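Numbering (this note's numbering), first residue to last: 29 to 437. Below is one structure, written out as C-alpha cells, with a few remarks after it.
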C-alpha cells in the first residue's frame with residue numbers, strides 16, 4: 029500500500045514539473061506571436077519606417093538595396109562604408125541601431141528586392157514618439173524656412189503634378205529648375221556633371237562643397253531634398269550628358285525650366301562659419317611620424333601616398349585636411365584615422381596632426397616650436413632606444429679608455 033502511494037506521489041510530482049516547464053514555453057510562444065517585430069523582416073520594415081522614410085521616402089522609391097549584397101548593405105547602413113548613408117547608424121559609431129537592428133533592416137531591403145515589390149506584412153506597431161527638447165523645438169521652428177525652396181507636389185497645378193508623377197525624368201528636370209537654377213542657370217550652360225561619376229554628383233548635392241557657396245541639399249544635412257529627389261536630379265543630369273543635349277520634356281514642365289530673375293534668387297548664400305582648427309604642431313609631428321610617415325614620407329615628401337609638404341589652395345584648407353585625415357578617401361588606401369571611423373586618433377589628436385600638416389609647406393617651425401620639437405623628439409628617441417644608447421656609450425668609453433692607457437705606456 030505504501031509503495032503504491034509513493035509511486036502515485038512521484039507521478040504527481042513529475043506531472044507538476046512538466047506542466048511548469050511547458051507553461052512558460054506556451055506563454056512565450058503566445059507573446060512571440062503577438063509581437064510582429066520578432067520576425068526580422070517585419071522588424072526591418074518597422075525600422076525603415078522610423079528611421080529612413082523621412083529622407084529616402086517609401087522603399088519602392090528609394091530601392092537602397094538594389095543590386096547589393098547583404099555584406100555591402102550592412103556596411104553602408106552601419107557607416108563602415110563611406111559610400112552609404114550620410115548617417116553612421118551603428119551604435120559603435122555613435123548611432124542608434126544595434127547589430128541586430130542593422131541585420132533586420134538589411135533583411136527587409138533584400139527581401140523586398142528578391143520579391144521585386146511590396147511585401148505582405150502585418151500592421152506595424154506605432155513608432156515611439158521622442159520627447160521634444162528645447163533645442164529640438166527651437167530648430168523645428170526654422171525647419172520650414174529651410175525647406176521652403178521646393179514647392180510640395182500637392183501645391184502644384186494639376187497638369188504639372190500629373191506630368192511629374194508620370195515622368196521621373198521630367199520630375200528630375202523640374203527639381204533641377206527649382207533648386208539649382210538660381211546658381212547654375214540652364215544646365216546646358218554649366219554642364220556641372222560632365223565627366224563625373226554618378227556617386228560623386230549625388231554626394232556633392234547631398235553634402236554641398238566645403239569652401240564654396242554650394243550648400244547641402246539633403247534633408248539629413250539641413251537641406252530641402254529627400255534622397256529620391258536627389259536621385260531624380262542626377263537622372264536628369266545623366267540623361268542630358270548621354271544625349272549631349274536637353275532631353276525632351278512635357279510642355280508644362282518645359283515652361284518651368286527657365287526661372288524668372290527674382291532678385292532674391294541672386295542673393296549670395298552665406299558661407300557656413302567654423303572656428304579655425306587649433307592644435308599643437310609639436311605633438312602633431314610625433315603623431316605624423318607614428319601614423320603617416322610610412323606612406324607620405326618623413327618630411328611629407330611623398331611615397332606610396334601623395335606629397336603633403338605643399339600648399340593647399342582653398343577657402344578653409346584646415347577643414348579640408350581635417351576631414352580627409354578623419355574620414356579617409358573612398359576608393360583609396362587612405363583610411364579614416366578618427367576614432368569615429370575606426371582609427372586611433374581622438375579629436376585633439378586630429379587637430380594636432382592638422383596643425384603640423386599646415387606648417388609642412390614652409391618646411392620650418394618657429395624657433396619656439398623648433399626647440400620644443402627637438403626636445404620632444406630627442407626625449408622620445410632616448411626613451412625608445414635606451415639600450416642602444418647605453419651600448420654605444422659603453423663601446424665609445426671602452427675604446428677611449430684603451431687609447432688613453434696606450435698613451436700612458
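C-beta: ideal position from N, C-alpha, C; glycine also. This structure is a prediction, so every number in the text was calculated from the model and none was measured.
Backbone CA spacing between residue i and residue j [nearest angstrom]
i           : j           : result
residue 277 : residue 65  : 45 Å
residue 107 : residue 138 : 18 Å
residue 367 : residue 355 : 10 Å
residue 143 : residue 333 : 45 Å
residue 279 : residue 191 : 9 Å
residue 405 : residue 370 : Below a pLDDT of 50, predicted positions are generally treated as unreliable, and residue 405, at 48, falls in that range; no measurement from the model is reported.
residue 266 : residue 131 : 33 Å
residue 252 : residue 310 : 43 Å
residue 273 : residue 207 : 20 Å
residue 218 : residue 303 : 32 Å
residue 281 : residue 62  : 49 Å
residue 78  : residue 314 : 45 Å
residue 203 : residue 196 : 10 Å
residue 37  : residue 146 : 58 Å
residue 341 : residue 150 : 56 Å
residue 153 : residue 67  : 13 Å
residue 119 : residue 109 : 15 Å
residue 127 : residue 377 : 29 Å
residue 105 : residue 357 : 18 Å
residue 187 : residue 194 : 11 Å
residue 94  : residue 141 : 6 Å
residue 339 : residue 352 : 15 Å
residue 122 : residue 81  : 20 Å
Coarse secondary structure for residue i, derived from DSSP in three states
i           : result
residue 404 : Its pLDDT being 49, under 50, residue 404 is placed unreliably by the model, and nothing is read from it.
residue 125 : strand
residue 274 : coil
residue 366 : strand
residue 37  : helix
residue 75  : helix
residue 97  : coil
residue 237 : coil
residue 393 : Reliability of the predicted coordinates at residue 393 is poor, the pLDDT of 45 falling under 50, and the value obtained from them is presented with this limitation in mind. Residue 393 falls in the coil class under three-state DSSP.
residue 195 : coil
residue 189 : helix
residue 81  : helix
residue 163 : Low local confidence applies: a pLDDT of 38 at residue 163 is under 50, so the model's placement there is unreliable, with the coordinate-based value given in what follows. The answer is helix: DSSP assigns residue 163 an H, G or I state.
residue 339 : coil
residue 68  : helix
residue 349 : helix
residue 355 : helix
residue 386 : helix
residue 211 : helix
Identity of the residues DSSP links to residue i by a beta bridge
i           : result
residue 246 : 253
residue 118 : 125
residue 373 : 366
Short Cβ contact (8 Å threshold) for residue i with residue j
i           : j           : result
residue 439 : residue 72  : The requested residue 439 does not occur in the structure, where the chain is confined to residues 29 to 437.
residue 262 : residue 226 : yes
residue 260 : residue 325 : no
residue 88  : residue 246 : no
residue 6   : residue 307 : The shown model of the chain, from 29 to 437, leaves out residue 6, and the question about it has no answer.
Supposed contact pair residue j and residue i - C-beta distance, whole angstroms, cut 8 Å
i           : j           : result
residue 331 : residue 323 : 6 Å
residue 287 : residue 209 : 5 Å
residue 336 : residue 373 : Contact doesn't hold; Cβ gap of about 16 Å is too wide.
The ligand ZN heavy atom lying under 7 Å from the CB of residue i
i           : result
residue 383 : Although the ligand ZN was asked about, the structure shown includes no ligands whatsoever.
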